[in-house]
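Take 1 as the starting number for the sequence shown in full-length UniProt numbering and just add one per residue. The C-beta atom is built at its ideal place from N, Cα and C for all residues, glycine as well. The structure appears right after this line, and notes come after that.
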Amino acid sequence: MDSKVLQGAVPAGRRWWRGSWPAGFGPAELMLLLVAAVWGGSYAVAKQATQQLPVLEFVALRFGLTFLVLLPALRPLWSDAQWRQGLAVGGLLGANLLAIFLCETFGVSLTLASNAAFLISLCVAITPFVEWWLLGRRPARRVFWAAGLSAVGAALLSAPSLADLSMGWGDALMLAAAFLRAVMVCLTRRLAGRHNLPALTLTAVQSGVMALGAAALSLLSVAGGGAWHLPPATAAFWWGMAYLVLLCTVFAFFAQNHAASRSSPSRVSLLMGSEPVFGAAIAALVLGERIGAWGWAGGLLIVGAALWVSLVPEAGEQKWRP
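Printed below as a string of structure tokens:
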């Protein structure tokens with residue numbers, strides 16, 4: 001529903017808070033910024049957790065616990081008119097999210113947490129191209145330049161030196177996760193008009209799909225000669241899991257599903273693209289990571305390109321107004 005229609009339905013005495021937000025920034029944008037801060041801290045926590053539990057078991061446990069927490073939110077699916085729709089939309093988005101989190105979790109276990117935080121923000125430069133592909137909106141001219149700057153930034157961030165511009169598996173997986181995140185943002189926007197499920201219900205379905213998918217992959221690895229691992233009984237591991245389940249998953253998925261349908265895909269990616277600032281800071285504080293001068297230069301190029309894509313409209317380009 002249009003925001004102006006909603007405002008017209010609210011008595012004047014209760015609309016003061018709506019006018020108090022800066023232009024172009026409202027409750028949806030604030031929720032997305034909080035998601036970025038929470039997710040920024042997730043890289044250090046996930047890196048520590050995957051040193052104690054293999055990735056597939058870790059992802060299955062994380063989203064299995066999330067699904068249990070969100071079971072009451074599945075009530076809207078009990079009606080005949082809702083469950084097919086909910087499973088179809090939630091299944092598609094959940095499968096995409098499973099691919100994202102597998103790439104991210106394997107990636108962060110193979111690279112620096114600060115590298116992972118910066119590389120994931122490439123989704124900001126990628127999103128306009130995915131919008132073009134999925135939604136038919138051609139990117140502005142500056143997006144092509146920003147994509148080039150982001151590629152240079154990724155090379156500087158990932159390479160040990162200018163003489164060795166190679167990329168490790170961890171960084172490559174984070175690039176794949178960035179692309180899949182851009183697809184997720186656009187799919188959420190595209191499917192918003194095809195269901196009327198509450199955001200928390202959609203989050204619950206997605207979590208169930210991700211838990212089942214990761215558990216199935218883990219069982220396949222066991223059948224192929226691997227071993228099943230139980231989670232460690234340490235306070236640090238379970239505090240980290242609580243952070244990932246309650247803040248990074250329950251709150252963040254709800255906020256993203258709620259806000260992504262109320263803002264443009266590029267603006268969503270911009271606000272969530274502030275993640276590397278939080279991620280690099282927390283990785284330095286918690287893990288003692290240092291990425292060096294060239295790494296910082298690459299990270300700043302990526303973030304700068306993201307800001308350029310989302311904040312500087314070209315002449316004649318219509319500016320998004322949420």
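In angstroms, rounded to a whole number, what distance separates the CA positions of residue i and residue j?
| i | j | result |
| --- | --- | --- |
| PRO276 | GLU104 | 14 Å |
| SER258 | GLN206 | As written in the sequence, residue 258 is His, which differs from the Ser given in the question. For HIS258 and GLN206, the distance between alpha carbons rounds to 14 Å. |
| THR111 | LEU32 | 26 Å |
| PHE67 | ALA216 | 16 Å |
| VAL245 | GLY213 | 17 Å |
| PHE63 | THR249 | 8 Å |
| LEU134 | VAL124 | 16 Å |
| PHE179 | TRP145 | 18 Å |
| residue 324 | ALA73 | In this structure the chain extends from 1 to 322, so residue 324 is not present and cannot be described. |
| VAL303 | LEU56 | 30 Å |
| TRP296 | GLY94 | 33 Å |
| LEU307 | LEU230 | 43 Å |
| ALA140 | THR188 | 22 Å |
By Cβ distance below 7 Å, which residues in the same chain neighbour residue i in space, the five residues on each side in sequence not counted?
| i | result |
| --- | --- |
| ARG75 | none |
| PHE101 | VAL59 and MET210 |
| ALA12 | Note that ALA12 has pLDDT 42, beneath the 50 cutoff, so the model's placement of it is unreliable and no number is given. |
| ARG138 | TRP132 |
Can you tell me where the alpha helix (DSSP H) with residue i in it begins and where it stops?
| i | result |
| --- | --- |
| SER261 | Counting along the chain, SER261 falls outside any alpha helix (DSSP H), and DSSP gives it neither H nor E. |
| ARG290 | Here ARG290 belongs to no alpha helix (DSSP H), and DSSP marks it neither H nor E. |
| PHE251 | Premise fails: PHE251 is in no alpha helix (DSSP H) and is neither H nor E. |
| LEU65 | 55-69 |
| PRO276 | 275-282 |
Three-state secondary structure (DSSP) at residue i?
| i | result |
| --- | --- |
| GLY168 | coil |
| residue 332 | Given that the chain is displayed from residue 1 to residue 322, the structure contains no residue 332 and the question cannot be resolved. |
| ALA36 | helix |
| SER121 | coil |
| GLN48 | helix |
| LEU112 | coil |
| THR203 | helix |
| ARG84 | helix |
| PRO231 | coil |
| ALA73 | helix |
| GLY299 | helix |
| LEU154 | Checking the sequence, you will find Ala at residue 154 rather than Leu. Note: ALA154 maps to helix in three-state DSSP. |
| ASN196 | coil |
| PRO139 | coil |
Could you name the residues of the same chain whose beta carbon sits closer than 6 Å to that of residue i, not counting the 5 residues immediately before and after it, in chain order?
| i | result |
| --- | --- |
| LEU173 | CYS103, PHE106 and GLY107 |
| GLY279 | GLY40, TYR43 and ALA117 |
| LEU149 | LEU301 and ALA305 |
| GLY298 | GLY153, LEU156 and LEU157 |
| CYS255 | The amino acid at residue 255 is misidentified as Cys; the sequence shows Ala. So the list reads MET31 and VAL35, once near-sequence residues are dropped. |
| LYS47 | VAL108 and ALA113 |
Would you please verify whether the beta carbon of residue i is less than 8 Å from any beta carbon of chain D?
| i | result |
| --- | --- |
| VAL222 | The structure shown contains no chain D, having only a single protein chain. |
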